[in-house]
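Each residue of the sequence shown is one higher than the last, beginning at 34 in the numbering used here.
Idealized CB from N, CA, C, for every residue including glycine.
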Amino acid sequence: MTDLLNKPLANEAASDQYAPKKEDKFTFGLWTVGNRGRDPFGDFVRPALDPVYTVKTLAGLGAYGVTFHDDDLVPFGSSLAERDRIVKEFKQALDDYGMIVPMATTNLFFHPVFKDGAFTAVDPAVRAYSLQKTMRAIDLGAELGAKTYVFWGGREGVDAEASKDPTIALKRMREALNFLCRYVKDQGYDIKFAMEPKPNEPRSDTYLPTVGHMLAFIYTLDYPEMVGLNPEVAHENMAGLNFTHGVAQALEAGKLFHIDLNDQKGPRYDQDLRFGSESIKNNFFLVKLLEEKGYSGPRHFDAHAYRTEDEQGVWDFALGCMRTYNMFKEKVKRFAADKEIQGLLAEINGGDQTFQGLLNGYTPETVQKLKGYDFNIDQLATRGYQYEKLDQLTIEVILGVR
Ligand code: GLT
Ligand code: MN
Ligand code: MN
34 MTDLLNKPLA NEAASDQYAP KKEDKFTFGL WTVGNRGRDP FGDFVRPALD PVYTVKTLAG
94 LGAYGVTFHD DDLVPFGSSL AERDRIVKEF KQALDDYGMI VPMATTNLFF HPVFKDGAFT
154 AVDPAVRAYS LQKTMRAIDL GAELGAKTYV FWGGREGVDA EASKDPTIAL KRMREALNFL
214 CRYVKDQGYD IKFAMEPKPN EPRSDTYLPT VGHMLAFIYT LDYPEMVGLN PEVAHENMAG
274 LNFTHGVAQA LEAGKLFHID LNDQKGPRYD QDLRFGSESI KNNFFLVKLL EEKGYSGPRH
334 FDAHAYRTED EQGVWDFALG CMRTYNMFKE KVKRFAADKE IQGLLAEING GDQTFQGLLN
394 GYTPETVQKL KGYDFNIDQL ATRGYQYEKL DQLTIEVILG VR
């Protein structure tokens with residue numbers, strides 16, 4: 034394996050104002066930079082990356098931490114002695130390179146045993162094994178300091194709709210999460226759960242397909258305060274939804290526990306593209322929301338390099354994700370400091386303040402006033418909202434001419 038950090042990085046601007054820094058809180062899954070380019074039509078194109086080497090290289094690029102599935106770090110079927118050796122070396126690498134593990138998760142989708150799902154599989158033995166594997170993986174995450182534990186329901190769904198009663202599937206999912214919340218409490222771990230929705234792929238339909246579905250489900254759990262969301266850009270776009278609005282709803286409900294940043298070209302298979310490589314305007318508004326509304330968790334990239342790339346291309350990809358986030362962050366500041374834009378926004382949001390008094394909640398007096406008021410709706414309907422101008426100014430900020 035070549036040690037790319039001993040060579041100059043491809044990016045000559047690596048030390049400019051957009052260069053990633055620890056305080057930016059950028060994190061990557063071991064499976065993201067470690068993605069070997071296999072797809073349903075073609076084999077691996079890149080060699081495996083050693084987790085210790087990954088920690089070192091990501092630290093060198095300015096990342097803050099790494100995340101993993103149990104099997105990304107400790108290969109499936111390792112002996113206990115093997116596990117302990119791997120964990121010890123990995124911990125040492127985290128210390129050596131000043132990296133942390135803010136999040137961990139379980140692989141409940143790769144092994145053939147999970148072909149019908151995990152917590153919602155029809156086979157009780159598979160459901161029981163899934164709990165066992167997850168408890169062991171939570172122990173591993175806790176040992177490495179993870180504070181957030183992600184649940185992506187990889188194969189929790191159906192191909193043959195007749196195979197499962199969807200209400201029973203939801204009950205099984207609830208029972209599993211309730212069980213695991215109790216496990217975390219009984220162990221005294223400082224861990225919260227973040228559920229990650231995805232509408233389909235690899236199954237035809239996945240249960241709890243969007244941010245909204247999952248948010249509603251969380252409040253039916255025994256410990257809703259322990260459970261939040263890990264929304265992913267690509268996944269909401271696969272469902273044709275406005276990702277920023279989904280994230281805003283989670284954030285406003287105090288449920289944005291984590292986030293998976295990447296990109297996607299509209300509703301199609303899950304592309305997990307380099308962050309900001311496609312939907313420039315959408316991602317500008319996403320970064321604006323995260324930066325302005327107090328999201329303080331890791332900016333986690335769940336994406337991978339194009340299949341055409343060699344190892345250098347993987348690090349170009351990783352650096353690109355982080356730099357683009359920082360570029361959006363700078364554009365967000367510019368937008369906030371732009372006098373014309375802010376003046377226009379103030380004017381747009383102003384309206385006739387005489388009506389504010391009628392919009393402060395329910396009182397019997399307000400009911401009387403509202404019922405009796407003679408609104409000049411024809412005049413109200415003539416208003417032009419200046420959104421063309423506002424949107425063009427936004428585009429001009431994003432494209433760098435303001
Ligand atoms: C898998 C999936 C992601 C999830 C990961 C966590 S694994 O790569 O496509 O969206 O976040 O299980
Ligand atoms: Mn994805
Ligand atoms: Mn994800």
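Asked: Looking at the strands, I want to know which residues DSSP matches up with Asp-293.; Found: Glu-265, His-333
Asked: Rank Tyr-328, Gly-309, Thr-138 by C-alpha distance to the C-alpha of Glu-285 and give the top, closest one.; Found: Tyr-328
Asked: Going by the DSSP bridge assignment, what does His-278 pair with across the sheet?; Found: For His-278, which the question treats as bridged, DSSP gives no partner whatsoever.
Asked: Can you give the Cα-Cα distance for Pro-80 and Val-66, rounded to whole angstroms?; Found: 11 Å
Asked: Just to confirm, does Asn-295 get its C-beta within under 7 Å of one of the non-hydrogen atoms of ligand 2?; Found: yes
Asked: In whole angstroms, what separates the C-alpha of Arg-215 from that of Ser-48?; Found: 46 Å
Asked: Let me confirm a value: Lys-314 is counted as buried when at least 16 other C-beta atoms fall within 10 Å, else exposed. Which label applies?; Found: exposed
Asked: Check whether the segment 367 to 387 and the segment 416 to 428 touch, using three or more Cβ-Cβ pairs below 8 Å as the test.; Found: yes
Asked: To which residues of the same chain is Ser-163 closer than 6 Å at the C-beta, ignoring the five residues directly before and after it?; Found: Leu-141, Ala-151, Phe-152
Asked: For a test of the three-state rule: what should DSSP assign to Tyr-182, helix, strand or coil?; Found: strand
Asked: Could you tell me how far apart the beta carbons of Asp-103 and Ala-170 are, in whole angstroms, since I believe they sit closer than 8 Å?; Found: 4 Å
Asked: Are the CB atoms of Ala-138 and Lys-166 nearer to each other than 8 Å?; Found: Rather than Ala, the amino acid found at residue 138 in this sequence is Thr. Result no, Cβ atoms of Thr-138 and Lys-166 do not sit closer than 8 Å.
Asked: To the nearest angstrom, how far is the alpha carbon of Ala-338 from that of Ala-414?; Found: 50 Å
Asked: Could you name the residues of the same chain whose beta carbon sits closer than 8 Å to that of Thr-60, not counting the 5 residues immediately before and after it, in chain order?; Found: Ala-96, Tyr-97, Gly-98, Val-99, Thr-100, Pro-135, Met-136, Pro-331, Arg-332, His-333, Phe-334
Asked: Following a CB-centred definition, is Thr-243 positioned closer than 7 Å to any heavy atom of ligand 1?; Found: no
Asked: Check whether the Cβ of Thr-138 lies closer than 7 Å to any heavy atom of ligand 1, and answer yes or no.; Found: yes
Asked: Does DSSP put Lys-225 in a helix, in a strand, or in coil?; Found: strand
Asked: Using CA atoms only, rank isn't needed, just tell me which of Gly-417, Asp-343, Phe-123, Ala-193 is closest to Gly-70.; Found: Asp-343
Asked: Residues in the same chain with beta-carbon distance under 7 Å from Gly-437, minus the five sequence neighbours each way, listed in chain order, please.; Found: Outside the displayed span of the chain (34 to 435) sits residue 437, for which this structure offers no information.
Asked: When you measure from the CB of Glu-265 to every non-hydrogen atom of ligand 2, does any distance come out below 7 Å?; Found: yes
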